[in-house]
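Read the structure below first, then the notes.
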Amino acid sequence: MPSSESPTLSPSLPAGDGLNVAALAGLFRHTTNSYKFVFFLALLDLLKRHRFDAERHYTYAEITLEMLSLAWFPHTYFKLSFGAQDTIAKKLDALDLGLDEGANLFANDRRALRGALAAVDLKDAARLMDFVPYRLQIPFLESQLRGVDKGAWMVFEKAMPAIANAHFETVRPLYRYDSDEWKDCAAVAWHSDWVAYLERHFPIIHGWAAWHWLGYMQKRNPTTPGLSNKLFPPVKRDALSKQTRYWRTILAHPDRPELRCIYSGTILTADAFALDHYLPWSYVAHDQLWNLIPAPAAVNSAKSNHLPSPDYFRDFVALQHRGLVTASRIMPKTTFEKLTEDHLADLHLSSSAALLDIEQLSRAYEQNIGPLITLATNQGFTPDWQYTQRDI
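Right, here's the structure in full:
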């Protein structure tokens, strides 16, 4: 259902041995684009991956690649909006990474994505580094930047490297630049005191940055379900063991009615089926039974993350209903009630009796599925998918 999650109070940051933690806490004030969030999270990820090496220079090229790989999942896979004028989203849209929709990209280190990005021309995307490495450090150098026009295009950016480098040891901004000249800057080097602080408090700092990014994204995706699960790629998709066992038990029972795939008409059997997310997982970001039906593996693969045609809706409800009726007969009452808790909660049905009534079940699905398909279509998911034999 549409997301109701919303950040409340901002997580507080730990004190830091004389470091200007208040400046760190102000990094994302008045932020109107995603690039500050993604840039800072990319820096944190690179720092952790290189074992908090304070001597290492982090190049603009690798930061750009890390930013794009971090933003790919929420923007391209989950189709979240970053804002109409967002720079990172536009850079991603301009790239042809050649990634298979079924590729196994569920890994937090995003290796597959970085490999695909490294193989394409990122010259245009490198323009991301024209602004964000300099704008991010404003809270640390407010006094030193007095008299510099922060609103003048490129005037501020050109002044920042020399100012930050000159005050690096005294004021201790997050990092310095590898040149005092803006046009020659190609890398940043962290201040060792900040590296020690970030290493000591990494989960808190990363969670704090992610919390701010979630708040930014919620304003631009107010009706998106499971938003907090779509900002970062999960380490792996959850196994569907419980859900598979539910449908296998139904399909294996000798007294069940004949059940067919709603897309292909193929007779379903207990020993050969996959589970299809009627509303694609990449939209709902959950594996609840009310959205899962059995289908041949090839049909499930062909459907991918498309939205099904309304022509399938009646058969979808009928298949769900037959499964529920069979499960209620052959499973212990407590088991059935436990398995169908999400049905009742998400479909807003009052009891198991209502769940087993085809008319009430159909109305409940219609009231919930219809709006979600409309929202998913508006978000960019492909609607009206229909199965054809050539899809296999």
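Note that the working numbering has the sequence shown beginning at 595, numbered continuously upward.
Beta carbons are placed, not taken as given, at the ideal position from N, Cα and C, and that holds for glycine.
### Query
Three-state secondary structure (DSSP) at ILE856?
DSSP, reduced to helix, strand and coil, places ILE856 outside both helices and strands of the structure shown, so it counts as coil.
### Message
If distances are taken between C-alpha atoms only, which option among GLU953, ALA706, THR626 and HIS651 comes closest to LEU662?
### Response
Out of GLU953, ALA706, THR626 and HIS651, ALA706 has the C-alpha closest to the C-alpha of LEU662.
### Cβ-based neighbour list, TYR810, same chain, cut-off 7 Å, excluding 5 preceding and 5 following
Only THR625, SER628 and PHE631 meet the Cβ criterion.
### Query
By Cβ distance, which residues of its chain are closer than 6 Å to GLY696, with the 5 residues on each side in sequence left out?
Per-residue confidence for GLY696 stands at a pLDDT of 46, beneath the threshold of 50, marking its modelled position as unreliable; the derived number appears in the next sentence. Within the same chain, no residue comes within 6 Å of GLY696 by CB-CB distance, once the 5 residues on both sides are set aside.
### Task
Please report how far the alpha carbon of THR982 lies from the alpha carbon of ASP936, in whole angstroms.
C-alpha separation (whole angstroms): 32 Å.
### Query
Would you call the CB atoms of TRP784 and LEU966 closer than 8 Å?
Going by C-beta atoms, TRP784 is not nearer than 8 Å to LEU966.
### Message
On the CB-based measure, 16 or more other CB atoms within 10 Å of its CB, does ASP611 come out buried or exposed?
### Response
Residue environment analysis places ASP611 among the exposed positions, since fewer than 16 neighbouring C-beta atoms fall within 10 angstroms of its C-beta.
### Task
Buried or exposed for ALA896, please, with buried defined as at least 16 other CB atoms from any protein chain shown within 10 angstroms of its CB.
ALA896 is buried by the Cβ-count criterion.
### Query
Do you know offhand how far LYS673's Cα is from THR681's?
Answer to the nearest angstrom: the Cα atoms are 15 Å apart.
#### Entry: Every unbroken alpha helix (DSSP H) inside the segment 737 to 824 [4 residues or more]
With a minimum length of 4 residues, the continuous alpha helix (DSSP H) runs that stay inside the segment 737 to 824 are 749 to 760, 762 to 765, 786 to 794 and 796 to 814.
### Task
Just mark THR863 as buried or exposed, buried being the case when its beta carbon has 16 or more other beta carbons within 10 Å.
Flag for THR863 reads exposed.
### Message
Tell me the DSSP secondary structure of ASP715 in three-state form.
### Response
The DSSP-derived three-state label of ASP715 is coil.
### Task
Pull up the CB-CB distance for ASN759 and ARG770, whole angstroms please, since I reckon it's below 8 Å.
With a Cβ gap of about 5 Å, ASN759 and ARG770 count as contacting.
#### Entry: At least three beta-carbon pairs within less than 8 Å, the segment 970 to 980 to the segment 889 to 909
Yes, the segment 970 to 980 is in contact with the segment 889 to 909.
### Message
Quick check on LEU639: buried or exposed, where buried means 16 or more other Cβ atoms within 10 Å of its Cβ?
### Response
Position check: residue 639 holds Asp in this sequence, whereas Leu was assumed. Buried is the call here.
### Message
For a test of the three-state rule: what should DSSP assign to ALA701, helix, strand or coil?
### Response
Because ALA701 carries a pLDDT of 49, less than 50, the predicted location of this residue cannot be relied on, and no value is offered for it.
### Query
In terms of residue numbering, what span does the alpha helix (DSSP H) encompassing ALA939 cover?
Membership of ALA939 in the alpha helix (DSSP H) is indicated by the continuous run 935 to 941.
### Query
Do the CB positions of LEU1033 and PHE634 come within less than 8 Å of each other?
Within the shown structure, residues of the chain are numbered from 595 to 986, placing residue 1033 beyond reach of any answer.
### Message
Quick check on the DSSP output: what are the complete alpha helix (DSSP H) runs of length 4 or more inside the segment 852 to 938, in order along the chain?
### Response
Counting whole runs of 4 or more residues, the segment 852 to 938 contains the alpha helix (DSSP H) stretches 875 to 878, 891 to 897, 907 to 924 and 927 to 933.
### Message
Quick check on this structure: which residue in TRP802, CYS855 and ALA921 has the alpha carbon closest to the alpha carbon of ALA846?
### Response
If we check each option's Cα against that of ALA846, ALA921 comes out closest.
### Query
Candidates GLU660, LEU853, ALA648 and TYR906: which alpha carbon is nearest ALA710's?
Relative to the Cα of ALA710, the nearest Cα in the group GLU660, LEU853, ALA648 and TYR906 belongs to GLU660.
### Query
In three-state terms, what does DSSP make of PRO652?
Note on identity: in this sequence residue 652 is Tyr, with Pro being the wrong assignment. It is a strand residue.
### Own chain partners of LEU825 with C-beta closer than 7 Å, once the 5 adjacent residues on each side are dropped
So the list reads PRO668, ALA804, TRP807, LEU808 and MET811, once near-sequence residues are dropped.
### Task
Counting only the same chain and skipping the five closest in sequence on each side, list residues whose C-beta sits under 7 Å from that of SER876.
Within the same chain, SER876 has close Cβ partners TYR671, PHE672 and ASN899.
### Query
Since GLN837 contacts LEU886 with CB under 8 Å, what's their CB separation in whole angstroms?
Contact between GLN837 and LEU886 holds: CB atoms are separated by about 5 Å, below the 8 Å threshold.
#### Entry: Cα-Cα separation between PHE910 and TYR728, rounded to whole angstroms
Cα to Cα, PHE910 sits roughly 53 Å from TYR728.
### Message
Tell me the rounded alpha-carbon separation between ALA958 and LYS685.
### Response
The straight-line gap from Cα to Cα measures roughly 41 Å.
### Task
Could you check which residue in ASN823, PHE930 and ARG854 has the C-alpha nearest to that of PRO890?
Taking only the C-alpha atoms, the option nearest PRO890 is ARG854.
### Query
If you compare alpha carbons, which of LEU637, ASP690, ILE732 and HIS651 is closest to ALA617?
For ALA617, the closest of LEU637, ASP690, ILE732 and HIS651 by C-alpha to C-alpha distance is ILE732.
### Message
Let's test the definition: count the other Cβ atoms within 10 Å of the Cβ of PRO819 and tell me whether it reaches 16, buried, or not, exposed.
### Response
Counting C-beta atoms within 10 angstroms of its own C-beta, PRO819 has 16 or more neighbours from the protein chains shown and is therefore classed as buried.
### Message
Within the continuous alpha helix (DSSP H) that includes PHE631, where are the two ends?
### Response
Start and end: 629 to 643.
### Query
Buried or exposed: ALA665, going by 16 or more other Cβ atoms within 10 Å of its Cβ?
Buried is the call here.
### Query
Cα-Cα, which of PRO888, PRO874, ASP870 and ARG814 is closest to ILE844?
It is PRO888 whose Cα lies nearest to the Cα of ILE844.
### Message
Using C-beta distances below 8 Å, list every residue in its chain close to SER946, excluding the 5 sequence neighbours before and after it, in chain order.
### Response
Listed in chain order, the non-local C-beta contacts of SER946 below 8 Å within the same chain comprise SER922, PHE930, GLU931, THR934 and LEU938, local neighbours out to five positions each way being set aside.
#### Entry: Selection from ASP690, GLU736 and PHE725 that minimises the alpha carbon distance to LEU716
Ranked by Cα distance from LEU716, the options ASP690, GLU736 and PHE725 are led by ASP690.
### Task
Would you list the one or two residues that DSSP bridges to TRP979?
In DSSP, TRP979 forms a bridge with PRO902.
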